[in-house]
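Right, one structure below, let's go through it.
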Amino acid sequence: VTVVTPAVAASGPGGAEPLVEPLRESCRMTPLRRPGDAGPVREDQSVQINSEGTDPVVVSVSGEIDLATSGQLETALAEALAVPGGTGLRLDCAGVDFIDSAGLRVLIAARGKADQDGRTFTLAVASDQVRRLVEIAGLSGVLGLSGPGPDAQPTAPVE
Amino acid sequence: VSESNGDASALVHPGGDAEVDVRVSADAGQVSLLRAFAASIAIRLDFDVDAIEDLRMAVDEACSLLVRAGRPHGALRCTFQPSPDRVTVRAAVAASSPTLPSADALSWHILTSLADSVTENVEPAGDGHRVSIELVSRPTGVRR
Chain A
1 VTVVTPAVAA
11 SGPGGAEPLV
21 EPLRESCRMT
31 PLRRPGDAGP
41 VREDQSVQIN
51 SEGTDPVVVS
61 VSGEIDLATS
71 GQLETALAEA
81 LAVPGGTGLR
91 LDCAGVDFID
101 SAGLRVLIAA
111 RGKADQDGRT
121 FTLAVASDQV
131 RRLVEIAGLS
141 GVLGLSGPGP
151 DAQPTAPVE
Chain B
1001 VSESNGDASA
1011 LVHPGGDAEV
1021 DVRVSADAGQ
1031 VSLLRAFAAS
1041 IAIRLDFDVD
1051 AIEDLRMAVD
1061 EACSLLVRAG
1071 RPHGALRCTF
1081 QPSPDRVTVR
1091 AAVAASSPTL
1101 PSADALSWHI
1111 LTSLADSVTE
1121 NVEPAGDGHR
1131 VSIELVSRPT
1141 GVRR
């Protein structure tokens, strides 16, 4: 699993200078194993995280976020919220096939950290399953998840 | 209920329902396997789409709670017992501490919202404790 964070040049403490490197091109991670490769594709380690920009830092997550992988999301969100000159965090979970309470805890903590530092936190795009969990947990308000979801997209068959 | 040396064994009962008994190490990386099992079984039982997802999420929450409670390098045993109108899942680990899974309010709230019924149990076992969760899900989602 590769976590790509914005390679913003380490500016001096305080981050007073304006954005030197406004946007960085998205770097798609290359899976270590492709489906065509020989050997079984392991089910654990199945989350991909990609971060770019600073205003705000956009973090796109896909795959499954559970007890085994939530630590990777935690690291990525902490880094995104520590980007010098970053104004906040916009989290795109459209590609998340699965999230559970372990992932939810990471989102709640990131929301709290963002508030504390005066940065924004937006759960911008969420898959049906993410919405379902957030709603059950009664955290739609806390995580800024409101309004209708991406409708007309039938849930992918579970294998 | 038998216990096999392999990862899973299916026991065919006279009624035609196959009980599936899965034993994995109580490790976070194994939880995805168990929820995939749960989804597979729900599909075979013709659960509707929402009920499949709910069972998958419920099994994930239950097994994650037990993995966190369980002793390192211990086993997590999970039994899926299908019947025409429900599937009963029983999962258990050996734990050092007699902490009830419901002590984790968020996880327990999610778990009990997803399943038709959930029960927990802690009992002395060997030099420690056995912590278990039983949940029942039905083929039609109760959401919305």
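Going down the list, the sequences are from chains A and B.
Those letters in the first sequence? Residues 1 to 159, per our numbering, in order.
Those letters in the second sequence? Residues 1001 to 1144, per our numbering, in order.
Heads up, the beta-carbon is just placed ideally off N, CA and C, and yes, glycines get one too.
Predicted, not measured: the structure shown is a model, and the values here were computed from it.
State yes or no: is the beta carbon of Leu1100 (chain B) nearer than 8 Å to at least one beta carbon in chain A?
Within the second sequence, residue 1100 (chain B) is the residue found at index 100, counting from 1. Nearest CB-CB separation between Leu1100 (chain B) and chain A: not below the 8 Å threshold.
Could you compute how far the alpha carbon of Ser1097 (chain B) sits from the alpha carbon of Leu143 (chain A)?
Your numbering for residue 1097 (chain B) matches position 97 in the second sequence. Your numbering for residue 143 (chain A) matches position 143 in the first sequence. Rounded to the nearest whole angstrom, the C-alpha separation of Ser1097 (chain B) and Leu143 (chain A) is 33 Å.
Shortest alpha-carbon distance to Ile136 (chain A) belongs to which of B:Ala1058, B:Thr1140 and B:Ala1091?
Along the first sequence, read from residue 1 onward, the residue named residue 136 (chain A) stands at position 136. The shortest C-alpha separation from Ile136 (chain A) is found at B:Ala1058.
8 Å Cβ cutoff, Ile1133 (chain B) in contact with chain A
Taking the second sequence and counting its residues from 1, one reaches residue 1133 (chain B) at position 133. So, not an interface residue.
Buried or exposed for Pro1101 (chain B), going by 16 or more other Cβ atoms inside 10 Å?
In the second sequence, the residue the question calls residue 1101 (chain B) occupies position 101. Around the C-beta of Pro1101 (chain B), 16 or more other C-beta atoms lie within 10 Å, and the residue is accordingly described as buried.
Can you tell me which residues form a DSSP beta bridge with Gln48 (chain A)?
Indexing the first sequence from 1 puts residue 48 (chain A) at position 48. Partner(s): A:Ser62.
In whole angstroms, what is the alpha-carbon distance linking Thr161 (chain A) and Pro84 (chain A)?
Within the shown structure, residues of chain A are numbered from 1 to 159, placing residue 161 (chain A) beyond reach of any answer.
Excluding the 5 residues flanking Leu145 (chain A) on each side, which residues of the same chain have their C-beta closer than 7 Å to its C-beta?
In the first sequence, residue 145 (chain A) corresponds to position 145, counting from 1. Non-local beta-carbon contacts of Leu145 (chain A) in its own chain, meaning distances under 7 Å to residues more than five positions away in sequence, involve Leu123, Ala126, Arg131 and Val134 in chain order.
Tell me which residue opens and which closes the beta strand (DSSP E) that Thr1119 (chain B) is part of.
Taking the second sequence and counting its residues from 1, the one referred to as residue 1119 (chain B) is at position 119. Counting along the chain, the beta strand (DSSP E) containing Thr1119 (chain B) begins and ends at Ser1117 to Ala1125.
Does Ser1064 (chain B) get closer than 8 Å to chain A when you measure Cβ to Cβ?
On the second sequence, residue 1064 (chain B) is found 64 positions in, with the first residue counted as 1. It does: the Cβ of Ser1064 (chain B) has a partner Cβ on chain A nearer than 8 Å.
Cβ closer than 7 Å: which chain B residues qualify as neighbours of Glu64 (chain A)?
As a working mapping, residue 64 (chain A) is identified with position 64 in the first sequence. Here the neighbours are Ser1032.
If you draw a straight line from the alpha carbon of Gly12 (chain A) to that of Ala114 (chain A), how long is it in whole angstroms?
Translated into positions along the first sequence, residue 12 (chain A) becomes position 12. Translated into positions along the first sequence, residue 114 (chain A) becomes position 114. In this prediction, Gly12 (chain A) scores a pLDDT of 41, lower than 50, which makes its location untrustworthy; the coordinate-derived value is nonetheless stated afterwards. Gly12 (chain A) and Ala114 (chain A): Cα-Cα distance of roughly 21 Å.
Any idea what DSSP makes of Ser140 (chain A), helix, strand or coil?
Indexing the first sequence from 1 puts residue 140 (chain A) at position 140. In the structure shown, the three-state DSSP call for Ser140 (chain A) is coil.
Three-state secondary structure (DSSP) of Phe1047 (chain B)
Here residue 1047 (chain B) refers to the residue found at position 47 when the second sequence is read from its first residue. DSSP places Phe1047 (chain B) in coil when its eight states are reduced to three.
Chain A contact for Asp1007 (chain B) (CB, 8 Å cutoff):
Along the second sequence, one-based indexing puts residue 1007 (chain B) at 7. At Asp1007 (chain B), the pLDDT of 47 sits below 50, so the modelled position is not reliable; the number obtained from the coordinates is stated separately. It does not: the Cβ of Asp1007 (chain B) has no partner Cβ on chain A nearer than 8 Å.
Three or more beta-carbon pairs under 8 Å between the segment 1122–1138 of chain B and the segment 1071–1087 of chain B, yes or no?
Note that the segment 1122–1138 of chain B touches the segment 1071–1087 of chain B; at least 3 beta-carbon pairs, one per stretch, sit closer than 8 Å.
With a threshold of 16 other CB atoms inside 10 Å of the CB of Thr1119 (chain B), please say whether the residue is buried or exposed.
Position 119 of the second sequence, counting from 1, holds the residue named residue 1119 (chain B). With fewer than 16 Cβ atoms within 10 Å of its Cβ, Thr1119 (chain B) is classed as exposed.
How many Å lie between Asp86 (chain A) and Glu79 (chain A) at the Cα?
Translated into positions along the first sequence, residue 86 (chain A) becomes position 86. Translated into positions along the first sequence, residue 79 (chain A) becomes position 79. Per the sequence presented here, residue 86 (chain A) reads as Gly, with Asp not at that position. Cα-Cα distance, rounded: 10 Å.
What does the Cβ neighbour count give for Asp1046 (chain B), buried or exposed, with the cut at 16 atoms within 10 Å?
The residue given as residue 1046 (chain B) occupies position 46 in the second sequence. It counts as exposed.
Would you report the Cα separation of Ser1117 (chain B) and Leu1111 (chain B), rounded to the nearest angstrom?
To locate residue 1117 (chain B), count along the second sequence from 1; it is residue 117. To locate residue 1111 (chain B), count along the second sequence from 1; it is residue 111. About 9 Å.
Any Cβ of chain A within less than 8 Å of the Cβ of Val1067 (chain B)?
For the purposes of this step, residue 1067 (chain B) is taken as the residue at position 67 of the second sequence. At least one chain A Cβ lies under 8 Å of Val1067 (chain B).
What is the DSSP secondary structure of Thr1112 (chain B), reduced to helix, strand or coil?
Looking up residue 1112 (chain B) in the second sequence gives position 112. In the three-state reduction of the DSSP assignment, Thr1112 (chain B) falls in the helix class, which pools H, G and I.
Which first and last residues belong to the alpha helix (DSSP H) in which Thr75 (chain A) is found?
In the first sequence, residue 75 (chain A) corresponds to position 75, counting from 1. Unbroken alpha helix (DSSP H) run through Thr75 (chain A): Ser70 to Ala80.
For the beta strand (DSSP E) holding Asp174 (chain A), just list the boundary residues, first then last.
Given that chain A is displayed from residue 1 to residue 159, the structure contains no residue 174 (chain A) and the question cannot be resolved.
Determine, using beta carbons only, whether Ile1041 (chain B) comes closer than 8 Å to chain A.
Your numbering for residue 1041 (chain B) matches position 41 in the second sequence. Output row for Ile1041 (chain B): interface = no.
Entirely enclosed alpha helix (DSSP H) segments - the segment 1056–1118 of chain B, minimum 4 residues:
Listed in chain order, the alpha helix (DSSP H) runs fully inside the segment 1056–1118 of chain B are 1105–1114, counting runs of at least 4 residues.
Any chain A beta carbon closer than 8 Å to Asp1046 (chain B):
Numbered from 1 along the second sequence, position 46 holds the residue referred to as residue 1046 (chain B). Taking 8 Å as the threshold, the shortest C-beta distance from Asp1046 (chain B) to chain A does not fall below it.
Answer with yes or no whether the minimum CB distance from Ala1028 (chain B) to chain A is below 8 Å.
Indexing the second sequence from 1 puts residue 1028 (chain B) at position 28. Yes, Ala1028 (chain B) counts as interfacial toward chain A.
Using the Cα positions of Thr1099 (chain B) and Ile108 (chain A), report the straight-line distance between them to the nearest angstrom.
Counted from its first residue, the second sequence places residue 1099 (chain B) at position 99. Counted from its first residue, the first sequence places residue 108 (chain A) at position 108. Straight-line measurement puts the Cα of Ile108 (chain A) at about 24 Å from the Cα of Thr1099 (chain B).
8 Å Cβ cutoff, Ile49 (chain A) in contact with chain B
Counting from one through the first sequence, the residue named residue 49 (chain A) turns up at place 49. Output row for Ile49 (chain A): interface = no.
Which residues share a DSSP beta bridge with Asp97 (chain A)?
In the first sequence, the residue the question calls residue 97 (chain A) occupies position 97. In DSSP, Asp97 (chain A) forms no bridge with anything.
Output needed for Asp55 (chain A): all residues of its chain with C-beta closer than 6 Å, excluding positions within five of it in sequence on either side, in chain order.
Here the question's residue 55 (chain A) lines up with position 55 in the first sequence. Closer than 6 Å at Cβ, skipping near neighbours: Thr87.
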